[in-house]
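Student: From first to last, the protein sequence lines stand for chains A and B. In this text, residue positions in the first sequence follow my numbering: the first is 1, and each later residue adds one. In this text, residue positions in the second sequence follow my numbering: the first is 1001, and each later residue adds one. Virtual Cβ for every residue (Gly too), placed ideally from N, Cα, C.
Protein chains: 2
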Amino acid sequence: MKLSEAKQQFISSWGAFGTQWGINRTMAQIHALLLVSPDPVTQDDIMEQLSISRGNVNMNIRDLISWSLVERIILPGERKEYFSAEKDIWKVATQIIKERKKRELDPMLKLLSQLDNIDGDKKDKETKQFVEMIGSIKKLGNQADKVLDVMIKAEENWFTGSLLKVFK
Amino acid sequence: MKLSEAKQQFISSWGAFGTQWGINRTMAQIHALLLVSPDPVTQDDIMEQLSISRGNVNMNIRDLISWSLVERIILPGERKEYFSAEKDIWKVATQIIKERKKRELDPMLKLLSQLDNIDGDKKDKETKQFVEMIGSIKKLGNQADKVLDVMIKAEENWFTGSLLKVFK
DNA sequence: TTTTATTTTCAATTAATTTTGAAAGTTCAG
DNA sequence: CTGAACTTTCAAAATTAATTGAAAATAAAA
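#1: Helix, strand or coil: which one does DSSP assign to B:I1023?
#2: What's the call for B:L1075, buried or exposed, on a 16-neighbour Cβ count within 10 Å?
#3: From what residue to what residue does the beta strand (DSSP E) around B:F1083 run?
#4: Mind checking whether A:K101 and A:I152 have CB atoms under 9 Å apart?
#5: Looking at the structure shown, is A:V41 part of a helix, part of a strand, or coil, going by DSSP?
#6: Could you compute how far the alpha carbon of B:F1010 sits from the alpha carbon of A:Q114?
#7: Using the Cα positions of B:T1019 and B:Q1143, report the straight-line distance between them to the nearest angstrom.
#8: Could you tell me which of B:M1133, B:L1105, B:G1120 sits nearest to A:A16, measuring between CA atoms?
#9: Taking only beta-carbon positions, decide if A:P38 is within less than 9 Å of chain B.
#10: So that I know if they touch, is there some Cβ in chain B lying closer than 9 Å to that of A:D119?
#11: Whether or not the segment 122-129 of chain A and the segment 80-97 of chain A are in contact is what I'm after, with contact meaning three or more pairs of Cβ atoms, one per stretch, closer than 8 Å; do they touch?
#12: DSSP three-state call for B:V1092: helix, strand or coil?
#13: Buried or exposed: A:K123, going by 16 or more other Cβ atoms within 10 Å of its Cβ?
#14: Name, going along the chain, the residues of the segment 1068-1082 of chain B whose beta-carbon falls closer than 7 Å to a beta-carbon of chain A.
#15: Considering only C-alpha positions, which residue in the set A:N58, A:I118, A:D45, A:S68 is nearest to B:M1001?
#16: How big is the Cα-Cα spacing for A:Q43 and A:A32?
#17: Between the C-alpha atoms of B:L1050 and B:I1030, what's the straight-line distance to the nearest angstrom?
#18: Taking the beta strand (DSSP E) that B:L1071 falls in, what are its first and last residues?
#19: Would you tell me roughly how many angstroms separate the C-alpha atoms of B:P1040 and B:L1034, rounded to the nearest one?
#20: Indicate the three-state DSSP secondary structure (helix, strand or coil) for B:V1036 in the structure shown.
#21: Any idea what DSSP makes of A:E48, helix, strand or coil?
#22: Is B:W1021 near A:W21, with beta carbons less than 9 Å apart?
#23: Using a Cβ-Cβ distance cut-off of 9 Å, determine whether B:E1048 contacts chain A.
#24: Compute the Euclidean distance between the alpha carbons of B:E1048 and B:Q1095, then round it to the nearest angstrom.
#25: Using a Cβ cut-off of 9 Å, pull out every chain B residue sitting near A:I134, in sequence order please.
#26: Mind checking which residues open and close the alpha helix (DSSP H) that includes A:F159?
#27: Quick check: what's the CA-CA separation for A:G55 versus B:V1150?
#28: Pull up the CB-CB distance for A:L112 and A:I137, whole angstroms please, since I reckon it's below 8 Å.
#29: A:N60: buried (16+ other C-beta within 10 angstroms of its C-beta) or exposed?
#30: If A:V70 sits next to A:F83, beta carbons under 8 Å apart, how far is it from one beta carbon to the other, in whole angstroms?
#31: Who are the near neighbours of A:F159 in its chain, counting only those whose CB is closer than 8 Å to its CB and skipping five residues on each side?
#32: Below 9 Å on C-beta distance, what does A:E104 contact in chain B?
#33: If you draw a straight line from the alpha carbon of A:S53 to that of A:D45, how long is it in whole angstroms?
#34: Under 9 Å between C-beta atoms, does B:E1155 make it to chain A?
#35: I'd like to know if A:I137 contacts chain B, where contact means its C-beta is closer than 9 Å to some C-beta of that chain.
#36: What's the call for A:I23, buried or exposed, on a 16-neighbour Cβ count within 10 Å?
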């Protein structure tokens, strides 16, 4: 398989994959492009390679930067900005976990703890089911929270070594 | 807080939460409603409680059934169908992991292994970066695959007990 | 300062997804 | 069978999300 073909395939699939996870297709594609680009690239490079508008590139790049997956690079003596993605895939994964946890899991746990205190008869079937369900989701969420926290701090070696041993 | 109010809050937030994860808002809301309903409910109940059309309920319920999160219940002597959600939240979580793994991770790993063999000079910077990146994503994906497989088979006790111990 | 290169913004457009609702299909009691 | 009760389908409509592109803003060079 030719490089250009494989690259196209990767970028387009990464975009489709992202979509299923609630990530803007273009953002995922830009990320994919940067992941396989050894050198920093410009907005114009991205516009050309993905056939998308300047505004679109700009917004999605900023988004990727806010996720700390991409950094802005100023080359000395150059007017244009360049962009480069974090290439250590373990760091990429933990960074995504960290951000999604912060943006989604934490707020959800906060909400659940607000739904805790229900007025009225705790013996009522409806009330009982609600309180129990919120409680068990909260419990699971808190456990996931702890596990993810450790993962975020861990080294990749720990994952491949120690943890996989636990999983025999 | 009143039950009805808390329930509304939960359903609507669960829907918003689902959206961020690439899950249809209505599907997530129906799931939330069923999670906090102690008894099986009908399509009409769902239509009324969420103010949505019959077709919408029907399609999303089928989707939930295909995820094995909801089951169809026929009450003896009744003409209508009833629906009920799996209430064990650990089972819900592992079932979702199982399905997403099957529908998303597995196909992605399959794709990556097809992008392995690139023609041309492995010393070329572009080629090298591509091959290495695909390789490391594949490696991480395979590790995640193993970990998730064990989780899917595990009991919740294992998660709360043994695993959390590993995480001190 | 003025000019030029480059980035950012955002209203308008386009695309993608979701929802509706009525018709067709199914099932079952009488 | 027949018809009422109920479920399913799917084209069209509505909604939501993403994208464009040109104008405004910014920053560096002349």
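Tutor: In short:
#1: coil
#2: exposed
#3: 1081-1085
#4: yes
#5: strand
#6: 10 Å
#7: 27 Å
#8: B:L1105
#9: yes
#10: yes
#11: no
#12: helix
#13: exposed
#14: none
#15: A:I118
#16: 15 Å
#17: 8 Å
#18: This sequence places Glu at residue 1071 of chain B; Leu is not what is there. Unbroken beta strand (DSSP E) run through B:E1071: 1070-1074.
#19: 8 Å
#20: coil
#21: helix
#22: yes
#23: no
#24: 28 Å
#25: A1006, F1010, V1036
#26: Element bounds for A:F159: n/a, residue is neither H nor E.
#27: 44 Å
#28: 6 Å
#29: buried
#30: 5 Å
#31: W90, M151
#32: F1017, Q1020, W1021
#33: 11 Å
#34: no
#35: yes
#36: buried
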